[in-house]
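S.K.: Structure below; questions to follow.
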Amino acid sequence: MAPMTHALLVDDDFDLRALVSDYLQRYGMRVTAVADGASLKRLLPVGGYDVLLLDLMLPDANGLDLCRWVRSSVPALPVIMLTAQGDPTSRVIGLEVGADDYLPKPFEPRELVARINAVLRRSQGQAEAPMPPEVLLRFNGWTFDRLARQLTSPDDVQVALSNAEYRLLCAFVEHPRRVLSRDRLLDLSRAPGVDITDRAIDLAVSRLRGKLGDSPQQQALIRTVRGEGYVFDAEPTAA
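For the sequence shown, my numbering gives the first residue as 2, with consecutive numbering after it.
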């Protein structure tokens, strides 16, 4: 028998917690439901959760900040953001900080079940996919551990990466010194089932540049080729 999916639901709306918990349990899932970020931080280290359903607006914390914390603490845990803010900007930001999916309120419980099943299929597929031999890479003094999703600066400082930034950096190190158009970067870095815009790619590239320390005073690791795309101007080597 397949193990029961265990969902951790974090939402300050009592009625929604009761509705979602009841519905998911009818579909054979186990649900732990809490109302705030403090409870999330207390429960998550205990482990045993298969998916996190996280509200954007909580009484004691910002859901985006919590998503960043979750992504750094438990990188493989699928996260679905639940929010009344359904505008495209909020959705893009949620995906960039590490959410795997985004569901605006109000939503049909059946759609939530479908999305949970989809992110679980994707996460299980990613977990089973073999990593390329060069998991640990070095370039220009930086160290990038693709398995641990860790980027370390030449000064030995760990730099946190959002989900979008991690996928972009993977795309760049796999295609060094080659011009990658926005469309090509979209293909290489998008999460399955998630639509990302050209603007979101530009924003993620800009943020990744900042984290790599690119500035006018030194040679940029990610160079813009006007009208064509971006080039990763380094030659990664296996560490």
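Ideal Cβ positions, reconstructed from N, Cα and C, are used throughout, including at glycine.
Computed from a predicted model, the values in this text were never measured in an experiment.
Please report how far the alpha carbon of P131 lies from the alpha carbon of R122, in whole angstroms.
M.R.: Low confidence applies here, because P131 scores a pLDDT of 43, under 50, leaving its location unreliable and the question unanswered by this model.
S.K.: Mind pulling the beta strand (DSSP E) runs of 3 or more residues that sit fully within the region 54–82?
M.R.: none
S.K.: Kindly list the residues whose CB is nearer than 8 Å to the CB of D196, restricted to its own chain and excluding five residues on each side of it in sequence; keep chain order.
M.R.: The predicted model places D196 with a pLDDT of 47, which falls under 50 and marks its position as unreliable; any figure quoted below should be read in that light. None.
S.K.: Taking 8 Å as the cut-off, decide whether the C-beta atoms of F140 and A77 are in contact.
M.R.: no
S.K.: Please classify L148 as buried or exposed, where buried requires at least 16 other C-beta atoms within 10 Å of its C-beta.
M.R.: Under this definition L148 is an exposed residue.
S.K.: Measuring alpha carbon to alpha carbon, tell me which of F145, L41, T6, L83 ends up nearest R27.
M.R.: T6
S.K.: Quick one: grab the DSSP three-state call for Y103.
M.R.: strand
S.K.: Less than 8 Å between the CB atoms is what I'm expecting for A240 and A205, so what's the real figure, rounded?
M.R.: Wrong, their Cβ atoms sit about 25 Å apart, outside the cutoff.
S.K.: Given a cut-off of 8 Å on the beta-carbon distance, is the pair L9 and L44 in contact?
M.R.: yes
S.K.: Return yes when the C-beta of T144 is under 7 Å from any heavy atom of the ligand NAP, and no when it is not.
M.R.: No copy of the ligand NAP occurs in the structure displayed, which carries no ligand at all.
S.K.: Going by the CB atoms, is the gap between V136 and F233 shorter than 8 Å?
M.R.: Against a cut-off of 8 Å, the Cβ pair of V136 and F233 comes out as no contact.
S.K.: With a Cβ-Cβ cutoff of 8 Å, do L67 and G95 count as a contact?
M.R.: no
S.K.: What do you get for S190, buried or exposed, if any count of 16 or more other CB atoms within 10 angstroms of its CB means buried?
M.R.: It is buried - the Cβ of S190 has at least 16 other Cβ atoms within 10 Å.
S.K.: Based on Cα-Cα distance, which residue from L169, V180, E229 lies nearest to L187?
M.R.: With respect to the C-alpha of L187, the residue from L169, V180, E229 having the closest C-alpha is L169.
S.K.: Tell me the rounded alpha-carbon separation between P60 and D23.
M.R.: 23 Å
S.K.: Among the residues of its own chain, which have a CB less than 8 Å from the CB of S40, if the five just before and after it don't count?
M.R.: So the list reads V11, once near-sequence residues are dropped.
S.K.: Have a look at D13, R31, P237, L162 and flag the residue whose alpha-carbon is nearest the alpha-carbon of L83.
M.R.: D13
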